[in-house]
Amino acid sequence: MRARCGIASRRPSKQRQRGAVERRRTGEHERTGDRTYDLVLPSPPPFHCSSLPLLRRSPASNTTPRAHSLIRMMSVAYPTKIAASPIAIAENLQESAEERTRRFWRTADAVCFDVDSTVCQDEAIDELAAFLGVGEAVANVTRSAMNGNARFRDALSARLQVMKPSLDQLESYANNTKPKLTPGIKELVSKLHSRGVDVYLVSGGFRKLIVPVAKLLGVDRERIFANEILFDQNKNYCGFDTTELTSDSGSKDVGKPAVISLLKEKFGYSKVVMVGDGATDMEACPPADAFIGFGGNQVREAVKSRASWFVTDFDVLRAELDLKD
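The numbering of the sequence shown is UniProt numbering, which starts it at 1 and goes up by one.
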């Protein structure tokens with residue numbers, strides 16, 4: 001026997017075929033033997049039973065295939081959604097963590113970028129240390145801090161105690177070293193600005209070294225959150241400003257979480273996204289609405305394994321902005 005809509009039967013008359021089509025359009029049931037199948041098919045395009053495979057009764061049981069088998073074969077022969085189950089509908093409506101982060105990225109009204117190893121290819125503190133001749137010792141402390149193995153303020157203090165830069169040394173380094181921007185960041189910031197998105201540079205580094213970076217990106221100096229090194233009257237190093245929010249981490253009251261909370265409270269941003277490579281960037285979410293891990297310069301496993309969306313190229317973020325919700 002030839003299958004008609006997945007149900008074994010004799011070849012029907014044209015009048016009966018027309019009636020069957022009308023029943024399918026209105027969601028009525030088709031009955032064969034003691035089994036009833038609810039077939040829900042759209043009117044357009046025209047449906048031809050000849051597109052389905054032939055179904056035969058099992059010689060052993062003399063029964064027609066089970067309903068779910070019919071539906072499975074129909075979905076292959078005629079790819080349309082047929083009587084989707086509540087579970088299937090729920091699965092389709094469910095949004096993954098990555099999809100949610102992508103959506104927040106596309107609709108953000110403010111974006112905060114880390115600077116070292118994110119906006120810039122290197123760690124400015126390590127580069128300054130190399131300039132001062134204490135590069136290796138400071139690099140070890142930096143690696144520990146970025147992997148979340150030390151309290152940030154302790155790591156910052158330890159690095160500065162090793163370097164002890166004078167004001168003259170700091171200015172000499174800043175004036176003679178061109179920032180090494182990560183490829184694609186300038187275009188990305190420009191695109192964000194064109195969309196009316198406010199861009200901030202939030203860093204545990206030093207303001208004097210970040211101002212030139214902000215200038216290259218077209219970011220206002222007022223939108224820099226970073227640390228200030230303190231000097232005595234002889235321009236010698238005497239510590240750092242511990243009242244700066246970025247001078248510590250580890251709770252929502254300090255560090256990058258505190259910066260984002262301040263921005264939301266002050267400017268009323270509804271969606272703020274943090275982008276960065278390190279542990280202190282990741283802890284900013286929440287209060288940030290989303291965090292995007294960046295590994296274009298350094299891949300930190302603690303961040304990669306926990307970030308809902310991890311990218312290694314700023315062009316990926318720029319392309320995402322072109323997608324429509």
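All C-beta atoms, glycine included, are put in the ideal place defined by N, C-alpha and C. Treat the numbers as computed from the prediction; the structure is a model and nothing was measured.
*Helix, strand or coil: which one does DSSP assign to residue 311?*
Three-state result, residue 311: strand.
*Would you list, in sequence order, the uninterrupted beta strand (DSSP E) runs of no fewer than 3 residues that lie entirely inside the segment 204–236?*
Within the segment 204–236, the complete beta strand (DSSP E) runs of at least 3 residues are 224–227 and 229–231.
_If I follow the unbroken beta strand (DSSP E) through residue 110, where does it start and stop?_
Segment 110–113, the beta strand (DSSP E) holding residue 110.
*Give the range of the alpha helix (DSSP H) segment to which residue 259 is assigned.*
Looking at the DSSP string, the run of the alpha helix (DSSP H) that includes residue 259 is 255–267.
_Among 295, 264 and 208, the one whose alpha carbon lies nearest that of residue 317_ = Comparing alpha-carbon positions, the option among 295, 264 and 208 lying closest to residue 317 turns out to be 295.
*Does DSSP put residue 119 in a helix, in a strand, or in coil?*
In the structure shown, residue 119 sits in a helix (DSSP, three-state: H, G or I).
_Residues bridged to residue 293 [DSSP beta-bridge criterion]_ = Residue 293 pairs with 276 and 310.
_Under 8 angstroms, with one C-beta from each stretch per pair, do the segment 119–129 and the segment 278–288 reach the 3-pair mark?_
Not touching, per the Cβ criterion.
*asked:* Please report the distance separating the alpha-carbon of residue 141 from that of residue 215.
replied: Those two C-alpha atoms are separated by around 29 angstroms.
_residue 39 in three-state terms, based on DSSP_ = Note that residue 39 scores 43 on pLDDT, short of 50, meaning its location in the model is unreliable and no value can be drawn from it.
*Can you give the beta carbon distance from residue 273 to residue 115, rounded, assuming they're within the 8 angstroms contact cut?*
In fact, because the Cβ distance is near 16 angstroms, the residues do not count as touching under 8 angstroms.
*asked:* Looking only at its chain, what residues have a beta carbon closer than 8 angstroms to the beta carbon of residue 181, apart from the 5 residues adjacent to it on each side?
replied: The beta carbon of residue 181 lies closer than 8 angstroms to those of 119, 120, 121, 213, 216 and 217 in the same chain, with the five residues before and after it left out.
*Kindly identify the DSSP beta-bridge partner or partners of residue 241.*
For residue 241, which the question treats as bridged, DSSP gives no partner whatsoever.
*Identified DSSP bridge partners for residue 181*: In the DSSP output, where bridge partners are listed per residue, residue 181 has 120.
_Quick check: the Cα distance between residue 324 and residue 267, rounded to an integer number of angstroms?_
Computed Cα separation, rounded: 26 angstroms.
*Which whole-angstrom value is the C-beta distance of residue 337 and residue 303, which I expect to be below 8 angstroms?*
With the chain represented from 1 up to 325, any question about residue 337 goes unanswered, as that position is not in the structure.
*alpha helix (DSSP H) containing residue 298: first to last residue?*
Membership of residue 298 in any alpha helix (DSSP H) is not indicated, and neither H nor E is assigned to it by DSSP.
*Can you tell me the Cα-Cα spacing of residue 172 and residue 282, whole angstroms?*
Residue 282 has its alpha-carbon roughly 33 angstroms from the corresponding atom of residue 172.
*Work out the CA separation of residue 234 and residue 291 for me, nearest whole Å.*
Each residue's alpha carbon lies about 42 angstroms from the other.
*If we count the other Cβ atoms within 10 Å of its Cβ and call it buried at 16 or more, is residue 203 buried or exposed?*
Buried is the call here.
*Taking all protein chains shown into account, decide if residue 222 is buried (16 or more other Cβ within 10 angstroms of its Cβ) or exposed.*
Only exposed fits residue 222, as fewer than 16 other CB atoms lie within 10 angstroms of its CB.
*With a threshold of 16 other CB atoms inside 10 Å of the CB of residue 183, please say whether the residue is buried or exposed.*
Residue burial is scored here from C-beta neighbours: residue 183 has fewer than 16 other C-beta atoms within 10 angstroms and is therefore classed as exposed.
*In this structure, does DSSP put residue 162 in helix, strand or coil?*
Residue 162 falls in the helix class under three-state DSSP.
_If you reduce the DSSP assignment to three classes, tell me which class residue 202 lands in._
Residue 202: strand per DSSP, three-state reduction.
*Is residue 176 near residue 207, with beta carbons less than 8 angstroms apart?*
Judged by beta-carbon spacing, residue 207 lies beyond the 8 angstroms limit of residue 176, meaning their Cβ atoms are not closer than that value.
*Proximal residues to residue 129 (C-beta, below 6 angstroms), its chain only, five neighbours per side dropped*: Within its own chain, the residues whose Cβ lies closer than 6 angstroms to the Cβ of residue 129, once the five positions on either side in sequence are excluded, are 135, 138 and 163, listed in chain order.
*asked:* Can you tell me whether residue 100 is helix, strand or coil according to DSSP?
replied: In the structure shown, residue 100 sits in a helix (DSSP, three-state: H, G or I).
*Do residue 320 and residue 151 have their C-beta atoms within less than 8 angstroms of each other?*
Contact flag unset, no.
*Below 8 angstroms between beta carbons: does that hold for residue 211 and residue 199?*
Cβ atoms of residue 211 and residue 199: not closer than 8 angstroms.
*Among residues of its own chain, excluding the 5 on either side of residue 270, which ones have a beta-carbon nearer than 7 angstroms to its beta-carbon?*
So the list reads 109, once near-sequence residues are dropped.
*asked:* For a test of the three-state rule: what should DSSP assign to residue 343, helix, strand or coil?
replied: Because the chain here runs from 1 to 325, residue 343 falls outside it and cannot be looked at.
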